[in-house]
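Residue numbers (full-length UniProt numbering), protein chains in the order written: chain A, 1 to 236; chain B, 1 to 236; chain C, 1 to 236; chain D, 1 to 236; chain E, 1 to 236; chain F, 1 to 236.
There are 6 protein chains.
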Amino acid sequence: MRPSGRDLSDMRSVSIETGVTKHAEGSCLIKMGDTHVLCTATLEDRVPPFVKGSGLGWVTAEYGMLPRSTGSRMRREATAGKQGGRTVEIQRLIGRSLRAGVDRVALGERQITIDCDVIQADGGTRCASITGGWVALRLAVNKLMKTGAISTDPLTPVAAVSCGIYAGQPVLDLDYAEDSEAGVDGNFILRGDGQLIEVQMSAEGATFSRDQMNKLMDLAEAGVSQLVQAQLAACK
Amino acid sequence: MRPSGRDLSDMRSVSIETGVTKHAEGSCLIKMGDTHVLCTATLEDRVPPFVKGSGLGWVTAEYGMLPRSTGSRMRREATAGKQGGRTVEIQRLIGRSLRAGVDRVALGERQITIDCDVIQADGGTRCASITGGWVALRLAVNKLMKTGAISTDPLTPVAAVSCGIYAGQPVLDLDYAEDSEAGVDGNFILRGDGQLIEVQMSAEGATFSRDQMNKLMDLAEAGVSQLVQAQLAACK
Amino acid sequence: MRPSGRDLSDMRSVSIETGVTKHAEGSCLIKMGDTHVLCTATLEDRVPPFVKGSGLGWVTAEYGMLPRSTGSRMRREATAGKQGGRTVEIQRLIGRSLRAGVDRVALGERQITIDCDVIQADGGTRCASITGGWVALRLAVNKLMKTGAISTDPLTPVAAVSCGIYAGQPVLDLDYAEDSEAGVDGNFILRGDGQLIEVQMSAEGATFSRDQMNKLMDLAEAGVSQLVQAQLAACK
Amino acid sequence: MRPSGRDLSDMRSVSIETGVTKHAEGSCLIKMGDTHVLCTATLEDRVPPFVKGSGLGWVTAEYGMLPRSTGSRMRREATAGKQGGRTVEIQRLIGRSLRAGVDRVALGERQITIDCDVIQADGGTRCASITGGWVALRLAVNKLMKTGAISTDPLTPVAAVSCGIYAGQPVLDLDYAEDSEAGVDGNFILRGDGQLIEVQMSAEGATFSRDQMNKLMDLAEAGVSQLVQAQLAACK
Amino acid sequence: MRPSGRDLSDMRSVSIETGVTKHAEGSCLIKMGDTHVLCTATLEDRVPPFVKGSGLGWVTAEYGMLPRSTGSRMRREATAGKQGGRTVEIQRLIGRSLRAGVDRVALGERQITIDCDVIQADGGTRCASITGGWVALRLAVNKLMKTGAISTDPLTPVAAVSCGIYAGQPVLDLDYAEDSEAGVDGNFILRGDGQLIEVQMSAEGATFSRDQMNKLMDLAEAGVSQLVQAQLAACK
Amino acid sequence: MRPSGRDLSDMRSVSIETGVTKHAEGSCLIKMGDTHVLCTATLEDRVPPFVKGSGLGWVTAEYGMLPRSTGSRMRREATAGKQGGRTVEIQRLIGRSLRAGVDRVALGERQITIDCDVIQADGGTRCASITGGWVALRLAVNKLMKTGAISTDPLTPVAAVSCGIYAGQPVLDLDYAEDSEAGVDGNFILRGDGQLIEVQMSAEGATFSRDQMNKLMDLAEAGVSQLVQAQLAACK
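Dropping the structure here:
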């Protein structure tokens, strides 16, 4: 029934390749099927003004899509003169989600910026960005721990997956063909221990019931659990 | 236990005054306690390019805060040269939510723009904007029906309320004092018949469990039910 | 002869309601007939760089119109990415006019920002902003005097009215119907003691003679005198 | 008493050199003492959307200052990313003033753009721009009349001069040394026949009385009369 | 003598992988040592206004760097609100250079946009962008030829290499370590037949003689010849 | 054969008038035939952040064109909201070229900004800007030397000329008629002693051979030599 032939509760194949750029303190290329996102972590001693002097760390994120990461070419945001509303919304979500897995006291007064750049898009780029972004973050923090700059590990795994109602059925990990037709679309960000960080469910044409909402949550919990395994395997 | 002395499941007093500006096709001033939002509906025959020729209607929304609607003065976005990320995120949510209560075929190829301007802010401005915005939309559509431009009513009630976990307890309709301290913050947009349109729950410092999520949903359902009564009463 | 049926030298009814928002140090809603402007005063210890260290106070103003304050919806300036030329011109005038009624030494090194936001427009919004803005300023300064932060009252009343030549006749306080047809349009800002602060007369289609200019000045002096009474009554 | 040694009612020496650029349909370099402004007129068949199809002509103006036209270098507005409030205010005034001397029916549906660029500034640049701008306009219209594109002359002379109260005395044509110290500053735009187009008087530190206002008007009338002679002589 | 241990006339190892994104009509990832650029070609029927109706084709280019493609993180241009001067200069060069290898009549009235996004930078990104951009262009044109949309091949190979004077010696293909220390830096864009398209030599600290200029040209000719081999091999 | 009737190796007549504005520390109006550029030098003690504390001087440049300096009116960049790509490219070239003639140690920690504003354009404005800009720079530095602020002269002459291939022939100093038809267009910036600072040759429709490149270089060397004579004569 799904365009890709997957079962309702099947995720796309996940691959996370680390160390893909030589400059960044942490980096990976995450592939969720045909969705490919390059995630890098930049470590700086400089923190934003509102954190200065607090002794707390800060994690923030930026998101972008290459102009031809999509089926038809999108205008480059640098040319348009500003980031679009969708971009701003997504990068705020990535930053907020990753911070929920960070012990900011243990991180200490430093900033880590996660850049998520979509090389190829096929649905679910924001979730892939969070999942891959956490890997880049993990690798950068590992460096801090190796040098002794940090003694207590400040990180708990954070991963994200989309679920939605496609052709009347709850499905896990929507690709573009499904996403563009789905009646309900949700993003679920969870910690490795199953605690919820952010839940966003949104009607796109069809509304949904509490019962449907619960089924999507069940799918999401199973999906994130697999993603956390992939993250930990990639960081070994 | 709540700063305002309200019970956990108490909403603030709601007041919706209609017809507050002479130019708009529909308007109201909604007050959720000390949060005051002016909502206007503008009816136009012109539709956006992506709708043109489809025969379908379009509902969109814009959101703003007066500079001194808040405790300390905010910079005017027109001076800053752009709408901030939070503003863009909110106005996209308002538009999306209201459209979920509109039969776009019945509305016909015309556009209604809902402007939500916060006169005074005390938490929950996006939810008040949706609830008040629907009233402005209702009044504008009423005009279309009176003149016979529309024969089938295209509208179902849509209302929104915030819930969150404050001091460890699930509470309904957070005011600013609670919102700024809440560990979890959620916005729930529902139709009058109880169907869900959008659910956003977000950890702010504390994560949350599925059990807590369900308690917030219960509060939200009760809250929206009261708000829909207030909307219908105001539009009589 | 006037669309509203007023006599040539009749002003619209004036109402000034104070204390309309809980956050601002001073606030009022001024109504000149159907023109409604919300004015707030924000008090800050921080002054602009060019005043710093001088011991002098500073008063500045910003002006905006809600998108549907007018007959047809105007584009939101925050969306357009900048304040239009008309907006900039008006807010510079408001700030300049109010400063002419302030003893900046007596005010001391602090800044008061007056925000004038047009809720509903029917001509004469800049004059209503100045008249209402002064009331907000007065109320904020009263607070400073009550707490003893200021000992000498730094304020003299300032008010503004428009006059113009409509259908060949000099008339006081143009509403939108007149303003859009007037051959000559003028704004007159005076102090309570009758001294002139700013005079702007502008041909819109017809030029004017010195004799006509004098007649407009006579009307303006009478109008401002009534406005100052209304200001003082509102601040009691 | 005046820094330049001029009498109270003396204007600076005026020089208007025409034909200073080979591309423009009309051009002049106007010098009011040390204030030098290059004015060009561009003739186009294309008119703005709000004029299209009306059969009426349009005259508009833009204003700029070279970065080092002033005592200390100003930031280039193209670098700053927008025209400042003062620039916008001035160019709107120039356009409005020149239009008051144009019979738009006789001009026919075409647009003339007047560019006024300040090469060297020493006070009174907006008045010099209007006076010089009219000369450029005159020369461009002359071309239209020579080719027979226009049969009725659409132009009446328009000129502008500043007056102010300096050291307590009304003076004509303020230079920078006076302008920066003046208590009251006014710009007076008149037609060649003495009719008023725009009067702007503004308190800068000191307010003014109606009697003073009248004295400034007297000076302005005399000044403009001389400027119109210079304009006509230059266009011969 | 060179930081990389290369001989003066050695280029870095070149690799060109094609077909790296599924959406673009042509794509490659070019690696010049540690400089990695993703190049995509987008084919559109729509042409810019200045080409419309001419029957001629158009090739244009855009360039960007991922924020952490460099040693320290660069600000994202979309956040800065505009493309920097360097970016604009480079993308104009890429477009101009590629057009010099295109028979625009044979291409027909269609547009091809080449996007060059730097994934990892180690000097010479503009030259790599041109060389890789041509490959993407070649692949997109191949599609047009396969479908019969184009009958005559409009393309001639175009490639680019940098040369400079490092530690007093002319060297080929500067990497970042050399580029940042070079006294003279040049970019040489040639056609496959040896004709020159663009030569840019620029003193950075040291000026240069005609004799040195000729030596750089010799190196460039040899380098481009190797690059053209690599391009042709990749497109087979 | 050339539209102007000049010989292939003839430059246009050059005139450099100094001291043309009273405010700038150095200024000239350079005329290369009908190309007229006003160049001013502004001397400041303030240096950019990246130079601060280094003891080194800084020379930078900005470039602009008056809207009607060209055959048809160009949009004012301040109105467009940003400097175009061509402007940015040119002003970076001017600054880079002039710095190649400056001993930054001898200049000492101060900044000189060269503004080049094109009054009338007829081809070759960037070269005229460099040649005239150097004269303004020279005059400003002379002031520093007269006051003893600088003891060692930090300047070597820098001048620029364009050459190109027009109607198949290498020609010196292209005017607009030639520039718009030239197959190859080059800009050559040299020091007074013949050392090369920057060479840019660009195919515009036709490519070029090394032999042609050498002929253009020969013309450029001869042209710059004459320009340096004119610069030195003007600065006496």
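Backbone N, C-alpha and C define an ideal beta-carbon position, used for all residues, glycine too. Treat the numbers as computed from the prediction; the structure is a model and nothing was measured.
Open item on the list: Can you tell me which residues form a DSSP beta bridge with glutamate 17 of chain E?
Closed with: BP columns for glutamate 17 of chain E point to E:Leu29.
- [ ] With 9 Å as the threshold, decide whether the Cβ of phenylalanine 208 of chain A is near any Cβ in chain B.
- [x] Yes, phenylalanine 208 of chain A counts as interfacial toward chain B.
- [ ] Could you tell me whether the Cβ atoms of alanine 140 of chain D and threonine 35 of chain D are closer together than 9 Å?
- [x] no
- [ ] State yes or no: is the beta carbon of methionine 65 of chain E nearer than 9 Å to at least one beta carbon in chain F?
- [x] Using a CB distance cut-off of 9 Å, methionine 65 of chain E does not count as an interface residue toward chain F.
Open item on the list: Can you list, in chain order, the residues of its chain with a C-beta nearer than 6 Å to that of alanine 106 of chain D? Leave out the 5 residues immediately preceding and following it.
Closed with: Thr152, Pro154
- [ ] Give a yes or no on whether the C-beta atoms belonging to glutamate 44 of chain F and glutamine 111 of chain F are separated by under 9 Å.
- [x] yes
- [ ] Over the uninterrupted alpha helix (DSSP H) stretch that includes alanine 233 of chain D, give me the two end residues.
- [x] 210–235
Task: Interface residues of chain F facing residue 244 of chain D [CB-CB closer than 7 Å] - done: No information on residue 244 of chain D is available, as it lies outside the stretch 1 to 236 that chain D covers here.
TODO: Count the other CB atoms, across all protein chains shown, that sit within 10 Å of the CB of aspartate 173 of chain A; report buried if there are 16 or more and exposed otherwise.
DONE: buried
Task: Three CB pairs or more closer than 8 Å across the segment 59–74 of chain E and the segment 9–17 of chain A - done: no
Open item on the list: Report the start-end ranges of each beta strand (DSSP E) in the segment 141–221 of chain D that is 3 residues or longer and not cut off at the edges.
Closed with: 158–166, 169–172, 184–191, 196–203
Open item on the list: Using a Cβ distance threshold of 8 Å, determine whether the segment 66–75 of chain B contacts the segment 44–56 of chain B, with at least three qualifying pairs required.
Closed with: no
Open item on the list: By the DSSP assignment, the beta strand (DSSP E) with glutamine 111 of chain B in it spans what residues?
Closed with: 111–120
Open item on the list: Beta carbons nearer than 8 Å to chain D: which residues of the segment 106–117 of chain F have them?
Closed with: Thr113, Asp115, Asp117
Task: Below-9 Å beta-carbon distance, valine 161 of chain F vs any chain E residue - done: no
Task: Rounded C-alpha distance that separates cysteine 163 of chain C from glycine 81 of chain D - done: In this structure, the CA atom of cysteine 163 of chain C is about 37 Å from the CA atom of glycine 81 of chain D.
- [ ] Go through its chain and collect everything with a Cβ distance to methionine 65 of chain D's Cβ below 6 Å, but skip five positions before and after it.
- [x] Val118
- [ ] Using DSSP bridges, identify the partner residues of tryptophan 58 of chain A.
- [x] A:Gln111
Task: Inter-residue Cα distance where the pair is serine 180 of chain C and leucine 29 of chain C - done: About 25 Å.
Task: methionine 213 of chain D to leucine 190 of chain C span [Cα, whole Å] - done: Spanning the alpha carbons of methionine 213 of chain D and leucine 190 of chain C requires a straight line of approximately 13 Å.
- [ ] Please list the partners that isoleucine 165 of chain D has in chain F, where partner means a Cβ-to-Cβ separation under 9 Å.
- [x] The premise fails here: isoleucine 165 of chain D is roughly 27 Å from chain F at the closest Cβ pair, so nothing lies under 9 Å.
- [ ] May I ask you to list, following chain order, the residues of the segment 68–93 of chain E that have a beta carbon less than 7 Å from some beta carbon of chain F?
- [x] Lys82, Gly85, Val88, Glu89, Arg92
Open item on the list: With a threshold of 9 Å between beta carbons, is glutamine 200 of chain B in contact with chain I?
Closed with: Absent from the structure is chain I; the protein chains it does hold are A, B, C, D, E and F.
TODO: Please decide whether leucine 139 of chain D counts as near chain C, where near means a Cβ-Cβ distance under 9 Å.
DONE: no
Open item on the list: Within 9 Å of any Cβ in chain A, is that where the Cβ of glutamine 195 of chain B sits?
Closed with: yes
Task: CB contact flag (glutamine 231 of chain F, alanine 167 of chain F, <9 Å) - done: The answer is no: Cβ separation not under 9 Å.
Open item on the list: Residues in the same chain with beta-carbon distance under 8 Å from aspartate 175 of chain F, minus the five sequence neighbours each way, listed in chain order, please.
Closed with: Pro3, Ser4, Arg12, Gly33, Asp34, Thr35, Asp122, Gly123, Gly124
TODO: Using beta-carbon positions only, say whether serine 27 of chain A and threonine 18 of chain A come within less than 9 Å of one another.
DONE: yes
- [ ] Would you please verify whether the beta carbon of serine 27 of chain B is less than 9 Å from any beta carbon of chain C?
- [x] yes
Task: chain A contacts from the segment 163–191 of chain B (Cβ-Cβ distance under 9 Å) - done: Val184, Gly186, Ile189, Leu190, Arg191
Open item on the list: Taking its Cβ as the centre, do 16 or more other Cβ atoms sit within 10 Å of glycine 194 of chain E, making it buried, or is it exposed?
Closed with: Classified as exposed, glycine 194 of chain E has fewer than 16 neighbouring CB atoms from the shown chains inside 10 Å of its CB.
Open item on the list: Between which residues of its own chain and arginine 99 of chain B is the CB-CB distance below 7 Å, once the five residues before and five after are set aside?
Closed with: Val59
Open item on the list: Between the alpha carbons of glutamate 204 of chain D and valine 184 of chain D, how many angstroms are there, rounded?
Closed with: 5 Å
Open item on the list: Which of the three DSSP states is assigned to valine 66 of chain F in this structure?
Closed with: It should be noted that the sequence gives leucine, not valine, for residue 66 of chain F. In the structure shown, leucine 66 of chain F sits in coil (DSSP, three-state: anything other than H, G, I, E or B).
Task: For glycine 85 of chain B and phenylalanine 188 of chain C, the rounded distance between their alpha carbons - done: Approximately 41 Å between the Cα atoms of the pair.
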